Amino acid sequence: MAAQKINEAHEHIAKAEKCLKTSLTKWKPDFDSAASEYAKAAVCFKNAKQYEQAKDAYLKEAEYHTENKTLFHAAKAIEQAGMMMKEQKKMPEAIQYIEKACMMYMENGTPDTAAMALDRAGKLIEPIHLEKAVDLYQKAAGVFENEDRLRQAVELLGKASRLLVRLKRLDEAAVALQKEKNMYKEIENFPMCFKKTTAQVLVHLHRGDYVAADKCVRESYSLPGYSGSEDCVAMETLLQGYDEQDDEQVYRVCNSPLLKYMDNDYAKLAISLKVPGGGGKKKKAAAAPQGGASGGPAAAKDEEEDEYEGGLC
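Residue numbering for the sequence shown is 1 to 313, as defined by UniProt numbering.
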(Lines of atoms letter the chains of each structure in order from A and count residues from 1; the text may use other names and numbers.)
(Lines give C-alpha, C1' and ligand atoms only; values in the text may rest on other atoms or scores of the structure.)
Protein backbone atom coordinates (compact mmCIF):
# COMPACT_ATOMS: atom_id res chain seq x y z
CA MET A 1 0.00 0.00 0.00
CA ALA A 2 2.80 2.43 0.97
CA ALA A 3 4.76 1.61 -2.19
CA GLN A 4 1.67 2.28 -4.31
CA LYS A 5 1.15 5.67 -2.65
CA ILE A 6 4.80 6.60 -3.18
CA ASN A 7 4.50 5.70 -6.86
CA GLU A 8 1.36 7.85 -7.14
CA ALA A 9 3.23 10.72 -5.51
CA HIS A 10 6.03 10.53 -8.06
CA GLU A 11 3.47 10.45 -10.89
CA HIS A 12 1.97 13.70 -9.57
CA ILE A 13 5.44 15.27 -9.33
CA ALA A 14 6.11 14.31 -12.97
CA LYS A 15 2.83 15.96 -13.97
CA ALA A 16 3.76 19.07 -11.97
CA GLU A 17 7.12 19.34 -13.74
CA LYS A 18 5.37 19.03 -17.09
CA CYS A 19 3.05 21.91 -16.10
CA LEU A 20 6.09 24.10 -15.46
CA LYS A 21 7.68 23.57 -18.87
CA THR A 22 7.34 26.25 -21.53
CA SER A 23 7.41 25.97 -25.30
CA LEU A 24 6.77 27.98 -28.43
CA THR A 25 3.03 27.62 -27.87
CA LYS A 26 3.12 27.84 -24.05
CA TRP A 27 4.98 30.91 -22.90
CA LYS A 28 4.16 30.81 -19.18
CA PRO A 29 4.50 27.99 -16.67
CA ASP A 30 1.17 26.74 -15.32
CA PHE A 31 1.88 27.45 -11.62
CA ASP A 32 -1.68 26.75 -10.53
CA SER A 33 -1.73 23.21 -11.96
CA ALA A 34 1.81 22.54 -10.69
CA ALA A 35 0.78 23.55 -7.17
CA SER A 36 -2.26 21.28 -7.38
CA GLU A 37 -0.13 18.29 -8.45
CA TYR A 38 2.40 18.88 -5.66
CA ALA A 39 -0.51 19.06 -3.18
CA LYS A 40 -1.69 15.63 -4.36
CA ALA A 41 1.86 14.28 -4.17
CA ALA A 42 2.17 15.56 -0.60
CA VAL A 43 -1.01 13.75 0.45
CA CYS A 44 0.27 10.51 -1.11
CA PHE A 45 3.60 10.81 0.73
CA LYS A 46 1.75 11.59 3.97
CA ASN A 47 -0.48 8.53 3.58
CA ALA A 48 2.65 6.44 3.02
CA LYS A 49 4.13 8.00 6.20
CA GLN A 50 6.99 9.50 4.19
CA TYR A 51 6.80 12.74 6.15
CA GLU A 52 10.06 14.32 4.99
CA GLN A 53 9.08 13.89 1.32
CA ALA A 54 5.57 15.12 2.12
CA LYS A 55 7.08 18.24 3.69
CA ASP A 56 9.18 18.90 0.57
CA ALA A 57 6.10 18.47 -1.65
CA TYR A 58 4.07 20.92 0.49
CA LEU A 59 6.90 23.47 0.26
CA LYS A 60 6.93 23.07 -3.54
CA GLU A 61 3.16 23.57 -3.54
CA ALA A 62 3.65 26.75 -1.48
CA GLU A 63 6.35 27.98 -3.87
CA TYR A 64 4.07 27.72 -6.91
CA HIS A 65 1.07 29.20 -5.10
CA THR A 66 3.33 32.16 -4.25
CA GLU A 67 4.37 32.45 -7.92
CA ASN A 68 0.66 32.41 -8.77
CA LYS A 69 0.01 35.10 -6.11
CA THR A 70 -2.43 32.87 -4.20
CA LEU A 71 -0.86 33.61 -0.81
CA PHE A 72 -3.59 32.08 1.34
CA HIS A 73 -3.09 28.67 -0.30
CA ALA A 74 0.69 29.09 -0.05
CA ALA A 75 0.36 29.73 3.68
CA LYS A 76 -1.86 26.65 4.08
CA ALA A 77 0.76 24.51 2.35
CA ILE A 78 3.56 25.87 4.58
CA GLU A 79 1.44 25.16 7.65
CA GLN A 80 1.01 21.59 6.40
CA ALA A 81 4.79 21.34 5.97
CA GLY A 82 5.03 22.28 9.64
CA MET A 83 2.63 19.47 10.54
CA MET A 84 4.88 17.02 8.69
CA MET A 85 7.74 18.17 10.93
CA LYS A 86 5.50 17.55 13.94
CA GLU A 87 4.96 13.97 12.75
CA GLN A 88 8.74 13.55 12.83
CA LYS A 89 8.87 15.00 16.36
CA LYS A 90 10.89 17.96 15.04
CA MET A 91 8.92 20.52 17.01
CA PRO A 92 11.12 23.64 16.69
CA GLU A 93 11.12 23.27 12.89
CA ALA A 94 7.37 22.62 12.92
CA ILE A 95 6.75 25.85 14.83
CA GLN A 96 9.01 27.84 12.46
CA TYR A 97 6.94 26.77 9.45
CA ILE A 98 3.65 27.50 11.25
CA GLU A 99 4.86 30.97 12.30
CA LYS A 100 5.92 31.67 8.70
CA ALA A 101 2.45 30.59 7.54
CA CYS A 102 0.88 32.97 10.08
CA MET A 103 2.86 35.90 8.69
CA MET A 104 1.53 35.05 5.23
CA TYR A 105 -2.04 34.80 6.53
CA MET A 106 -1.62 38.29 7.99
CA GLU A 107 -0.22 39.63 4.70
CA ASN A 108 -3.16 38.04 2.89
CA GLY A 109 -5.65 39.83 5.15
CA THR A 110 -6.88 36.72 7.02
CA PRO A 111 -5.77 37.47 10.62
CA ASP A 112 -8.32 35.10 12.20
CA THR A 113 -6.73 32.17 10.38
CA ALA A 114 -3.31 33.40 11.56
CA ALA A 115 -4.44 33.58 15.19
CA MET A 116 -5.97 30.11 15.08
CA ALA A 117 -2.77 28.70 13.59
CA LEU A 118 -0.72 30.35 16.37
CA ASP A 119 -3.05 28.81 18.94
CA ARG A 120 -2.57 25.36 17.37
CA ALA A 121 1.19 25.90 17.37
CA GLY A 122 1.05 26.82 21.06
CA LYS A 123 -0.76 23.58 21.88
CA LEU A 124 1.83 21.60 19.91
CA ILE A 125 4.86 23.13 21.62
CA GLU A 126 3.41 23.45 25.15
CA PRO A 127 4.35 19.92 26.35
CA ILE A 128 8.04 20.50 25.58
CA HIS A 129 8.65 24.27 25.59
CA LEU A 130 6.45 26.37 27.89
CA GLU A 131 8.24 29.66 27.13
CA LYS A 132 7.59 29.35 23.40
CA ALA A 133 3.97 28.40 24.04
CA VAL A 134 3.50 31.59 26.10
CA ASP A 135 4.92 33.63 23.21
CA LEU A 136 2.61 31.97 20.66
CA TYR A 137 -0.52 32.34 22.82
CA GLN A 138 0.27 36.01 23.45
CA LYS A 139 0.82 36.65 19.73
CA ALA A 140 -2.47 34.94 18.91
CA ALA A 141 -4.25 36.99 21.58
CA GLY A 142 -2.74 40.17 20.12
CA VAL A 143 -4.05 39.33 16.64
CA PHE A 144 -7.58 38.69 17.96
CA GLU A 145 -7.45 41.86 20.08
CA ASN A 146 -6.51 43.95 17.02
CA GLU A 147 -9.58 42.51 15.30
CA ASP A 148 -11.78 43.40 18.33
CA ARG A 149 -12.37 39.70 18.94
CA LEU A 150 -11.98 40.09 22.69
CA ARG A 151 -13.62 36.82 23.73
CA GLN A 152 -11.11 34.84 21.69
CA ALA A 153 -8.24 37.12 22.77
CA VAL A 154 -8.94 36.80 26.49
CA GLU A 155 -9.17 33.00 26.28
CA LEU A 156 -5.66 32.87 24.79
CA LEU A 157 -4.35 35.39 27.31
CA GLY A 158 -5.66 33.07 30.02
CA LYS A 159 -3.56 30.21 28.62
CA ALA A 160 -0.48 32.46 28.65
CA SER A 161 -1.14 33.65 32.23
CA ARG A 162 -1.42 30.11 33.57
CA LEU A 163 1.83 29.09 31.89
CA LEU A 164 3.60 32.19 33.28
CA VAL A 165 2.51 31.07 36.76
CA ARG A 166 3.79 27.55 36.06
CA LEU A 167 7.11 29.05 34.94
CA LYS A 168 7.16 31.13 38.15
CA ARG A 169 7.40 34.33 36.09
CA LEU A 170 5.01 35.95 38.53
CA ASP A 171 5.69 39.61 37.69
CA GLU A 172 4.65 38.92 34.08
CA ALA A 173 1.73 36.79 35.25
CA ALA A 174 0.46 39.72 37.34
CA VAL A 175 0.51 42.02 34.27
CA ALA A 176 -1.17 39.38 32.08
CA LEU A 177 -3.92 38.77 34.66
CA GLN A 178 -4.68 42.49 34.89
CA LYS A 179 -5.05 42.60 31.11
CA GLU A 180 -7.36 39.56 31.22
CA LYS A 181 -9.46 41.19 33.92
CA ASN A 182 -9.75 44.43 31.93
CA MET A 183 -10.94 42.49 28.88
CA TYR A 184 -13.52 40.52 30.86
CA LYS A 185 -14.75 43.82 32.28
CA GLU A 186 -15.02 45.26 28.76
CA ILE A 187 -17.16 42.34 27.57
CA GLU A 188 -19.11 42.50 30.88
CA ASN A 189 -18.26 38.98 32.04
CA PHE A 190 -18.13 40.00 35.69
CA PRO A 191 -18.03 36.49 37.27
CA MET A 192 -14.76 35.91 35.38
CA CYS A 193 -13.48 39.26 36.70
CA PHE A 194 -14.09 37.89 40.21
CA LYS A 195 -12.06 34.76 39.43
CA LYS A 196 -9.23 36.82 37.96
CA THR A 197 -9.16 38.98 41.09
CA THR A 198 -8.66 35.84 43.19
CA ALA A 199 -5.85 34.71 40.87
CA GLN A 200 -4.28 38.17 41.10
CA VAL A 201 -4.33 38.09 44.90
CA LEU A 202 -2.60 34.69 44.96
CA VAL A 203 0.06 35.82 42.48
CA HIS A 204 0.75 39.09 44.34
CA LEU A 205 0.99 37.35 47.72
CA HIS A 206 3.46 34.85 46.27
CA ARG A 207 5.40 37.88 45.00
CA GLY A 208 5.35 39.17 48.58
CA ASP A 209 3.35 42.25 47.56
CA TYR A 210 0.45 42.53 50.01
CA VAL A 211 -0.29 46.13 48.92
CA ALA A 212 -0.84 45.09 45.28
CA ALA A 213 -3.04 42.17 46.36
CA ASP A 214 -5.17 44.44 48.56
CA LYS A 215 -5.43 47.00 45.74
CA CYS A 216 -6.81 44.33 43.35
CA VAL A 217 -9.63 43.54 45.77
CA ARG A 218 -10.41 47.21 46.45
CA GLU A 219 -10.55 47.98 42.73
CA SER A 220 -12.93 45.05 42.24
CA TYR A 221 -15.50 46.58 44.62
CA SER A 222 -16.62 48.67 41.63
CA LEU A 223 -17.56 45.49 39.69
CA PRO A 224 -21.32 44.76 39.79
CA GLY A 225 -22.00 42.02 42.34
CA TYR A 226 -18.44 41.66 43.66
CA SER A 227 -18.85 43.25 47.08
CA GLY A 228 -20.27 40.62 49.44
CA SER A 229 -19.82 37.79 46.92
CA GLU A 230 -18.23 34.47 47.88
CA ASP A 231 -15.07 35.45 46.00
CA CYS A 232 -14.90 38.83 47.73
CA VAL A 233 -15.43 37.45 51.25
CA ALA A 234 -12.78 34.77 50.67
CA MET A 235 -10.19 37.32 49.53
CA GLU A 236 -10.97 39.73 52.38
CA THR A 237 -10.58 36.85 54.84
CA LEU A 238 -7.34 35.70 53.17
CA LEU A 239 -5.82 39.18 53.20
CA GLN A 240 -6.81 39.72 56.83
CA GLY A 241 -5.21 36.42 57.84
CA TYR A 242 -2.08 37.16 55.80
CA ASP A 243 -1.77 40.67 57.30
CA GLU A 244 -2.26 39.37 60.86
CA GLN A 245 0.10 36.41 60.26
CA ASP A 246 -2.73 34.03 61.11
CA ASP A 247 -1.60 30.79 59.47
CA GLU A 248 -4.79 28.98 60.40
CA GLN A 249 -7.05 31.52 58.69
CA VAL A 250 -4.87 31.58 55.53
CA TYR A 251 -4.75 27.77 55.45
CA ARG A 252 -8.53 27.54 55.81
CA VAL A 253 -9.24 29.93 52.90
CA CYS A 254 -6.53 28.48 50.63
CA ASN A 255 -7.82 24.95 51.12
CA SER A 256 -11.47 25.88 50.62
CA PRO A 257 -13.27 24.44 47.56
CA LEU A 258 -13.44 27.93 46.02
CA LEU A 259 -9.65 28.02 45.65
CA LYS A 260 -8.81 24.32 45.43
CA TYR A 261 -11.00 23.90 42.35
CA MET A 262 -9.54 26.83 40.41
CA ASP A 263 -7.38 26.10 37.36
CA ASN A 264 -4.63 23.79 38.54
CA ASP A 265 -1.81 26.36 38.35
CA TYR A 266 -3.70 28.79 40.62
CA ALA A 267 -4.87 26.01 42.96
CA LYS A 268 -1.20 25.11 43.49
CA LEU A 269 -0.47 28.73 44.36
CA ALA A 270 -3.28 28.63 46.93
CA ILE A 271 -2.27 25.48 48.79
CA SER A 272 1.41 26.45 48.82
CA LEU A 273 0.84 29.97 50.19
CA LYS A 274 2.72 30.67 53.44
CA VAL A 275 2.46 33.65 55.77
CA PRO A 276 5.77 35.55 56.09
CA GLY A 277 7.06 35.25 59.63
CA GLY A 278 4.50 32.57 60.42
CA GLY A 279 7.19 29.90 60.56
CA GLY A 280 4.77 27.32 59.22
CA LYS A 281 2.83 27.37 62.52
CA LYS A 282 -0.78 28.27 63.00
CA LYS A 283 -1.56 31.25 65.17
CA LYS A 284 -3.24 29.19 67.90
CA ALA A 285 -0.25 26.85 68.13
CA ALA A 286 2.18 29.77 68.32
CA ALA A 287 0.10 31.38 71.05
CA ALA A 288 -0.02 28.21 73.19
CA PRO A 289 1.74 28.22 76.62
CA GLN A 290 5.42 27.24 76.46
CA GLY A 291 4.73 24.08 78.41
CA GLY A 292 2.74 22.64 75.48
CA ALA A 293 5.36 23.43 72.85
CA SER A 294 7.12 20.06 73.00
CA GLY A 295 4.16 17.73 72.44
CA GLY A 296 0.40 17.29 72.37
CA PRO A 297 -1.78 19.48 70.18
CA ALA A 298 0.94 21.97 69.23
CA ALA A 299 3.23 19.25 67.90
CA ALA A 300 0.32 17.66 66.04
CA LYS A 301 -0.43 20.99 64.39
CA ASP A 302 3.21 21.34 63.32
CA GLU A 303 3.08 17.89 61.77
CA GLU A 304 -0.11 18.75 59.92
CA GLU A 305 1.52 21.93 58.63
CA ASP A 306 4.65 20.05 57.53
CA GLU A 307 2.51 17.97 55.19
CA TYR A 308 1.95 21.09 53.08
CA GLU A 309 5.43 22.55 53.50
CA GLY A 310 6.61 23.86 50.14
CA GLY A 311 3.23 23.20 48.53
CA LEU A 312 2.87 21.60 45.13
CA CYS A 313 4.72 24.18 43.09
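Every residue gets a Cβ at the ideal spot worked out from N, C-alpha and C, and that includes glycine.
All of these numbers come straight from a predicted model, not from anything done at the bench.
Of the listed residues the options, nearest to residue i (C-alpha basis)
i	options	result
Lys60	Ala133, Ile128, Thr198 and Phe31	Phe31
Glu79	His10, Ala270, Gly158 and Ala114	Ala114
Val154	Ala176, Ala213, Lys168 and Arg169	Ala176
Glu236	Lys260, Thr197, Lys268 and Ala267	Thr197
Ile13	Lys40, Ser23, Met1 and Thr25	Lys40
Lys185	Leu24, Tyr226, Ala101 and Asn68	Tyr226
Ala267	Gly241, Phe190, Pro224 and Leu202	Leu202
Ala75	Asp243, Pro111 and Ser256	Pro111
Arg169	Glu131, Glu145 and Met262	Glu131
Asn108	His73, Phe45 and Asp243	His73
Ile98	Met106, Lys89 and Ala121	Ala121
Lys89	Leu24, Tyr64 and Ile128	Ile128
Glu17	Trp27, Glu37, Lys26 and Ala3	Glu37
residue 364	Asp231, Glu93, Phe194 and Glu126	Lying before the first or after the last residue shown, residue 364 is absent from the chain, which here runs from 1 to 313.
Leu223	Phe194, Asn255, Cys254 and Tyr210	Phe194
Lys46	Gln4, Ser229 and Lys69	Gln4
For residue j and residue i, the rounded distance between their alpha carbons
i	j	result
Asn182	Ala173	14 Å
Ser220	Arg252	23 Å
Lys55	Asp171	40 Å
Ala212	Ile187	24 Å
Met84	Leu71	20 Å
Ala35	Gly82	17 Å
Leu238	Asp247	10 Å
Lys15	Ala42	13 Å
Ala9	Gln53	10 Å
Gln152	Cys102	17 Å
Leu124	Met91	8 Å
Leu150	Phe190	14 Å
Glu67	Ala140	28 Å
Glu309	Asp148	Note that Glu309 scores a pLDDT of 42, beneath 50, so its modelled location is shaky and nothing firm can be said.
Gly277	Gln245	7 Å
Met104	Lys86	20 Å
Tyr261	Leu167	20 Å
Met1	Tyr58	21 Å
Gly208	Ala62	52 Å
Ala160	Gln138	6 Å
Lys179	Asp214	18 Å
Pro257	Tyr242	19 Å
Leu273	Ala199	12 Å
His65	Leu24	24 Å
Ser229	Asp263	20 Å
Residue i: first and last residue of the uninterrupted alpha helix (DSSP H) it sits in
i	result
Met116	Pro111 to Ile125
Leu130	Leu130 to Asn146
Tyr261	Unbroken run through Tyr261: none, as it is neither H nor E.
Arg151	Leu150 to Arg166
Ser220	Tyr210 to Ser220
Ser36	Phe31 to Asn47
Lys196	Phe190 to His206
Asn7	Ala2 to Leu20
Asp231	Glu230 to Asp243
Distance between beta carbons of residue j and residue i, contact taken as under 8 Å
i	j	result
Leu164	Val134	6 Å
Val250	Val275	5 Å
Gln50	Ile95	At roughly 22 Å, the Cβ-Cβ gap does not stay under 8 Å, so Gln50 and Ile95 are not in contact.
Leu118	Leu136	5 Å
His206	Leu269	6 Å
Cys44	Ser33	Between Ser33 and Cys44 the Cβ distance is about 17 Å, and since that is not below 8 Å, they are no contact.
Any non-hydrogen atom of the ligand GDP closer than 7 Å to residue i Cβ
i	result
Ile95	The ligand GDP is absent from the structure shown, which contains no ligands of any kind.
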